[in-house]
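Notes follow once the structure below has been shown.
In the UniProt record's numbering, the protein residues as written are 1 to 223.
Now the structure itself:
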């Protein structure tokens, strides 16, 4: 009887320890996959070295963010070109943009290009933050845990659930007002970020990055 009680007590103790230790090990990756925190550090370092990248941002559902779609190319210097759909006071506006040096050139569906400063643009949306802000976003991510290898654009990538900082994330996607338990995909060969899925209240935001270090020429439009 004493031995049976001892075995049951030992089993109960191990069960309690297992339950308590699971949250403490939430950053541990699945067997055979790289350590989550190490993977994030490598990804942040790889992204800091990127010279150019192509990006797309899309929303599903009705998340409370102003940018509904964006696509274009970016350089490490912060220059960019592309297009976006942005909700301005309840009206969906389509804009083409060129960021070159300190000037921002943009136009709507009709008319020519207009000009503003980067400071004025930052009050609406700065597309260059997609590249310049990613290293900080990855290095500040908490509880990363590699859980699988999946194909993204035909290449192997680690799928990694993470908790992302609202403060840094809002610079990439204006309107994000909460920390996000999202998922990132890190390219297995290069450690670069290739995809993000960000669940938000009302829907989610999807970010895809591709064409790393491809030649990109960005010049101001002719007036």
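Where is the CB? At the ideal position from N, CA and C, for every residue including glycine.
Can you check DSSP and say which residues form a bridge with residue i?
i, result
"residue 186", "158 and 193"
"residue 142", "163"
"residue 148", "159"
"residue 181", "163"
"residue 55", "72 and 209"
"residue 94", "85"
"residue 117", "103"
"residue 80", "74 and 99"
"residue 67", "86"
Using 10 angstroms around the beta-carbon of residue i, count the other beta-carbons present and answer buried if the total reaches 16, otherwise exposed.
i, result
"residue 173", "buried"
"residue 126", "buried"
"residue 145", "buried"
"residue 61", "exposed"
"residue 102", "exposed"
"residue 90", "exposed"
"residue 44", "buried"
"residue 32", "exposed"
"residue 160", "buried"
Note down, in chain order, each residue of its chain lying with its Cβ closer than 8 Å to the Cβ of residue i, except the 5 sequence neighbours on either side.
i, result
"residue 188", "149, 155, 156, 157 and 158"
"residue 166", "176, 177, 178, 179 and 180"
"residue 21", "With a pLDDT of 28 at residue 21, under the threshold of 50, the predicted position of this residue should be treated as unreliable, though the coordinate-derived value follows. Within the same chain, residue 21 has no close Cβ partners at all."
"residue 120", "104"
How many angstroms separate the CA atom of residue i from the CA atom of residue j?
i, j, result
"residue 74", "residue 65", "21 Å"
"residue 70", "residue 81", "10 Å"
"residue 219", "residue 111", "19 Å"
"residue 106", "residue 88", "15 Å"
"residue 214", "residue 132", "17 Å"
"residue 212", "residue 201", "31 Å"
"residue 109", "residue 117", "21 Å"
"residue 168", "residue 199", "16 Å"
"residue 114", "residue 140", "37 Å"
"residue 162", "residue 222", "44 Å"
"residue 104", "residue 67", "17 Å"
"residue 49", "residue 210", "15 Å"
"residue 83", "residue 122", "16 Å"
"residue 85", "residue 77", "24 Å"
"residue 147", "residue 100", "40 Å"
"residue 182", "residue 197", "6 Å"
"residue 17", "residue 63", "Note on residue 17: pLDDT 24, under 50, position unreliable in the model; the coordinate value appears next. Taking the straight line from one Cα to the other gives about 39 Å."
Might you give, ordered along the chain, the residues of its own chain that have their beta carbon closer than 6 Å to the beta carbon of residue i, omitting 5 neighbours on each side?
i, result
"residue 195", "152, 185 and 208"
"residue 129", "171 and 172"
"residue 142", "163"
"residue 79", "99, 100 and 218"
Who are the near neighbours of residue i in its chain, counting only those whose CB is closer than 7 Å to its CB and skipping five residues on each side?
i, result
"residue 47", "134, 135, 138, 192 and 193"
"residue 190", "46"
"residue 216", "52, 73 and 75"
"residue 27", "With a pLDDT of 47 at residue 27, under the threshold of 50, the modelled position of this residue cannot be trusted; read the value that follows with caution. Correct list, in chain order: 36, 37, 143, 144 and 145."
Say the cut is 6 Å; is the CB of residue i nearer than that to a heavy atom of the ligand ZN?
i, result
"residue 178", "Ligands in the displayed structure: none, and consequently the ligand ZN is not present."
- Any contact of the region 90 to 102 with the region 37 to 46, i.e. 3+ C-beta pairs under 8 Å? no
- Task: Check whether the region 55 to 69 touches the region 196 to 213, taking contact to mean three or more Cβ pairs, one atom from each stretch, closer than 8 Å.
- Result: yes
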